[in-house]
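Engineer: Structure provided below as structure tokens; questions to follow.
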Amino acid sequence: MIESYLTREYISVFGLGLLAGAVIVILINLIIRGRVRDIAEELLSETETRKLDELNTIIGGIKESFGALSYNALSRNTEEFLKLAGQSLSKQTELGGKELENKKVLIDQTLAAIREELTKVQNQVAGFEKDREQKYGELTTQLKITAERTAELQGTTNKLREALASTKQRGQWGERMAEDILAFIGFKDGIN
């Protein structure tokens with residue numbers, strides 16, 4: 242009985258020890274799991290922070306590289322644009338200069354033709370003026386001659402009026418006119 246009591250006691254102590262060991266193992270396991278979880282979370286957090294820092298560093302490097310590339314590309318594009326603009330401007334300036342020179346030549350030719358025509362017109366006007374002066378002089382001379390002849394005719398008319406005022410002279414004049422007419426048509430005195 243003692244033996245059985247002892248065996249029971251041993252079994253009880255053993256069971257209690259086993260139970261206490263299991264509880265301790267469970268507690269240690271829980272503590273370790275909690276610490277492992279905390280450590281894992283801490284490691285995960287540190288890893289994420291490190292990765293985020295590395296990512297930010299990489300992004301910063303990319304931004305700098307992209308900025309430098311963009312700046313270089315923009316500089317090259319600007320240089321190319323300025324070069325092309327300069328070439329285009331020089332071509333346009335050259336074409337404009339040629340067009341201006343062509344227009345200048347055309348204007349000079351037109352002005353030369355206008356000067357030539359103006360000289361012709363001036364020469365014609367001078368010729369007309371000389372001709373007018375000559376014709377005016379001739380007209381003046383003709384008017385003087387006409388005035389003289391008119392005066393002579395007036396004198397002859399006055400003499401004729403005086404001559405015809407007398408019947409004797411009118412008869413003589415009529416005879417003379419008849420003789421002149423007959424001589425004019427071909428009759429001869431004493432023949433016809």
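Counting from 242, one number per residue, gives the positions in the sequence shown under our numbering. C-beta: ideal position from N, C-alpha, C; glycine also.
1. Tell me the rounded alpha-carbon separation between residue 260 and residue 280.
2. Could you give the first and the last residue of the continuous alpha helix (DSSP H) run that contains residue 426?
3. For residue 415 and residue 407, I'd like the C-alpha separation in whole angstroms.
4. Taking a contact to mean a Cβ-Cβ separation below 9 Å, would you say residue 404 touches residue 395 in this structure?
5. Could you tell me the distance, in whole angstroms, from the CA atom of residue 316 to the CA atom of residue 304?
6. In the structure shown, what three-state DSSP assignment does residue 306 receive?
Structural biologist: To lay it out plainly:
1. For this step, residue 260 is matched to residue 19 along the sequence shown. For this step, residue 280 is matched to residue 39 along the sequence shown. Going by the C-alpha atoms only, they are around 29 Å apart.
2. On the sequence shown, residue 426 is found 185 positions in, with the first residue counted as 1. Segment: none, residue 426 is in no alpha helix (DSSP H) and carries neither H nor E.
3. Counting from 1 along the sequence shown, the entry for residue 415 is found at position 174. Counting from 1 along the sequence shown, the entry for residue 407 is found at position 166. For residue 415 and residue 407, the distance between alpha carbons rounds to 12 Å.
4. As a first step, residue 404 is located in the sequence shown; it is residue number 163 there, counting from the start. As a first step, residue 395 is located in the sequence shown; it is residue number 154 there, counting from the start. Their beta carbons are not under 9 Å apart, which means residue 404 does not touch residue 395 by this criterion.
5. Along the sequence shown, read from residue 1 onward, the residue named residue 316 stands at position 75. Along the sequence shown, read from residue 1 onward, the residue named residue 304 stands at position 63. Those two C-alpha atoms are separated by around 17 Å.
6. For the purposes of this step, residue 306 is identified with residue 65 of the sequence shown, where counting begins at 1. Note: residue 306 maps to helix in three-state DSSP.
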